[in-house]
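K.L.:
In this note's numbering, the protein residues as written are 344 to 944. Note that CB positions come from ideal geometry on N, CA and C, so glycine has one too. Got a structure for you, written out below as structure tokens; questions coming shortly.
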């Protein structure tokens, strides 16, 4: 009884039954609830990870901002020493001449102060001392500076002497160090960030500025504390220009993406945006310099990778719940379907060899009769549907392969080239024959309404095709037709029956360079109908390949390797019956013969 119930349950699940509907409805509802729970859990876990990543990045960025602030304050102290030095002011005061001795003494004083400054700096790569009177100096005493460089005309110098900055210095932003000699490869024409401090005379009039060029490589080192793969931390100014980045090529480029206006200078925040086609978490944090912001970009895919372990556990839990749900559902369904399983099991036997029914297990005889008739009806319907389906599939395949056997563009292109050659060479007769043969082929293949044609038309179509092909090979193929009884040509045969077979002979039997090639086509009447024999002395067929082709021609359920042979054989059998079709004989390196048996009509 239990085995009967299990078999019935399996059949019920495979067929469209009330039991399957109840079971699947129950499963679908529970699966949807479990999936909804899983999606919510995964979503919440992802959001939690985003918050965690954001907080972690905030800490890194805040630490970088503190490091930047500390180094800027250190650089500012150096600027204050130089900007407040008497000798620096004296050298920048315009209109007051200084004798040679005084100038030398002031230069020595400036060099001493510069030496003390350079020995204490960690972030500053160089300090420029620039006066409005064209006085220039730096930490190495002008040895690396171009003397004729016009510092006073530079926008960043004019900014240094005209604005008031935050925390006592002026942020000049990014500019190129094109004022060094080319031999100074570590600085020449490379970008740098600068801060400046104006130099004033005793009347508080600005007479110049002291500019500190910051070492971008050391600034970038402040952003290398991230623990996330593919996270990029960099710094931008108030115009969204990248002023510090690990990749030097990115410095000076403009950061642009949809939603960038959400980065507010002086504030911290985060949001999701699309960068380079990927969803990315953008985090921003202010710095000590007004308008400068530290930016962190983390692809969402990286965050998703961090959630893989949690998602894996959630998925495993969901799978376990699904499995338990299915097992419980199957057990309940099996218990419900057990009484019906025994009944339907006996009904199934009636459609087979066993016609005996255990009557004492069923209360109503009418149920047995109804089940029996219903089963027989279903079997008949299934048989008819299967036959009709197979016939439709076979017909569609035949139609497709028939189209494949028609003239292809490559053949047409070669024929037109051949015709052009004959015309150029002045072979009027051959050109005319080629045109007639080609037009005959095209006209014959384009008459889609005709399924059956006279054998005479089919033979003429083959002659036209072989004339064009043989012309291509300079008539190196000896082609003969042997038809003792011309009346046989009045029989009607399937259209485009022979062309695929002679194509196989030319392509596979003779190849691209036929030598001593012979082809003979015979049409004779035999007891069973009409026999068409296509014989060639080509390459023949290798023994294993020959056995494979012969097996495919005899077994229509096998997938064919040779579309031409299989197509012709299938068309003949579908039209006239299994007693007609193709036979094949071949010997490798000697010959190949195709026998076509057709009915007389």
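Please return the same chain residues whose Cβ sits closer than 7 Å to the Cβ of residue 944, not counting the five positions on each side in sequence.
P.N.:
So the list reads 834 and 835, once near-sequence residues are dropped.
K.L.:
For residue 448 and residue 631, I'd like the C-alpha separation in whole angstroms.
P.N.:
If I take the Cα positions, the gap works out to 38 Å.
K.L.:
Whole alpha helix (DSSP H) runs in the segment 434–504 with 4 or more residues, listed along the chain?
P.N.:
You should have 443–463 and 498–503.
K.L.:
Quick check on the DSSP output: the alpha helix (DSSP H) that includes residue 560 runs from which residue to which?
P.N.:
Counting along the chain, the alpha helix (DSSP H) containing residue 560 begins and ends at 559–564.
K.L.:
Exposed or buried, what is residue 644 when buried is set at 16 or more other beta-carbons lying within 10 Å of its beta-carbon?
P.N.:
By the neighbour-count rule (16 or more Cβ atoms within 10 Å), residue 644 is not buried but exposed.
K.L.:
Measure the C-alpha to C-alpha separation of residue 450 and residue 482 and round it to an integer number of angstroms.
P.N.:
For residue 450 and residue 482, the distance between alpha carbons rounds to 12 Å.
K.L.:
Are three or more beta carbon pairs between the segment 591–606 and the segment 625–642 nearer than 8 Å?
P.N.:
As far as the Cβ criterion goes, the segment 591–606 touches the segment 625–642, which means the pair count is three or higher.
K.L.:
Checking 8 Å against the spacing of the C-beta atoms, do residue 822 and residue 832 come in under that value?
P.N.:
Taking 8 Å as the Cβ cut-off, residue 822 and residue 832 do not qualify as a contacting pair.
K.L.:
Taking residue 593 as the reference, which of 601, 602, 581 and 575 has the closest Cα?
P.N.:
Checked all of 601, 602, 581 and 575; the closest Cα to residue 593 is 575.
K.L.:
Closer than 6 Å by C-beta to residue 786: which residues in its own chain qualify, once you throw out the five before and the five after it? Chain order, please.
P.N.:
Excluding sequence neighbours, residue 786 sits near nothing in its chain.
K.L.:
Give the DSSP-derived three-state secondary structure of residue 767 in the structure shown.
P.N.:
Helix, per DSSP.
K.L.:
What residue from 852, 393, 555 and 446 has the CA that sits closest to residue 424's CA?
P.N.:
The shortest C-alpha separation from residue 424 is found at 555.
K.L.:
Count the other CB atoms within 10 Å of the CB of residue 704; is the residue buried (16 or more) or exposed (fewer)?
P.N.:
For residue 704, the pLDDT reaches just 48, beneath the cut-off of 50, and the residue's location in the model is therefore unreliable, leaving the point undetermined.
K.L.:
Please classify residue 606: does DSSP put it in a helix, a strand, or coil?
P.N.:
DSSP places residue 606 in coil when its eight states are reduced to three.
K.L.:
Tell me the DSSP bridge mates of residue 869?
P.N.:
Answer is 872, bridged to residue 869.
K.L.:
DSSP on residue 819, reduced to helix/strand/coil?
P.N.:
If DSSP states are grouped into helix, strand and coil, residue 819 belongs with coil.
K.L.:
Considering only residues of the same chain and omitting the five flanking positions on each side of residue 497, which have a CB-CB separation below 6 Å?
P.N.:
Closer than 6 Å at the Cβ level, and outside the excluded window around residue 497, lies no residue.
K.L.:
Give a yes or no on contact between the segment 406–421 and the segment 515–534, applying the rule of three or more CB pairs nearer than 8 Å.
P.N.:
They do not touch, by the three-pair rule.
K.L.:
Buried or exposed: where does residue 560 fall if 16 or more other Cβ atoms within 10 Å of its Cβ makes it buried?
P.N.:
By the neighbour-count rule (16 or more Cβ atoms within 10 Å), residue 560 is not buried but exposed.
K.L.:
Taking C-beta to C-beta, are residue 475 and residue 551 nearer than 8 Å?
P.N.:
Yes. Within cutoff.
K.L.:
Contact between the segment 608–625 and the segment 662–678: three or more CB pairs below 8 Å?
P.N.:
Verdict: no, contact absent.
K.L.:
Taking 8 Å as the CB-CB cut-off, is residue 841 touching chain B?
P.N.:
This model lacks chain B altogether; it includes just one protein chain.
K.L.:
Going by other Cβ atoms of all chains shown within 10 Å of its Cβ, with 16 needed for buried, is residue 857 buried or exposed?
P.N.:
So residue 857 counts as buried.
K.L.:
Drop a sphere of 10 angstroms on the beta-carbon of residue 825, count the other beta-carbons inside from all chains shown, and report buried for 16 or more, exposed for fewer.
P.N.:
Answer is exposed; the Cβ neighbour count stays below 16.
K.L.:
Where do the N-terminal and C-terminal ends of the beta strand (DSSP E) with residue 622 fall, by residue?
P.N.:
Taken as a continuous stretch (DSSP letters only), the beta strand (DSSP E) holding residue 622 covers 621–629.
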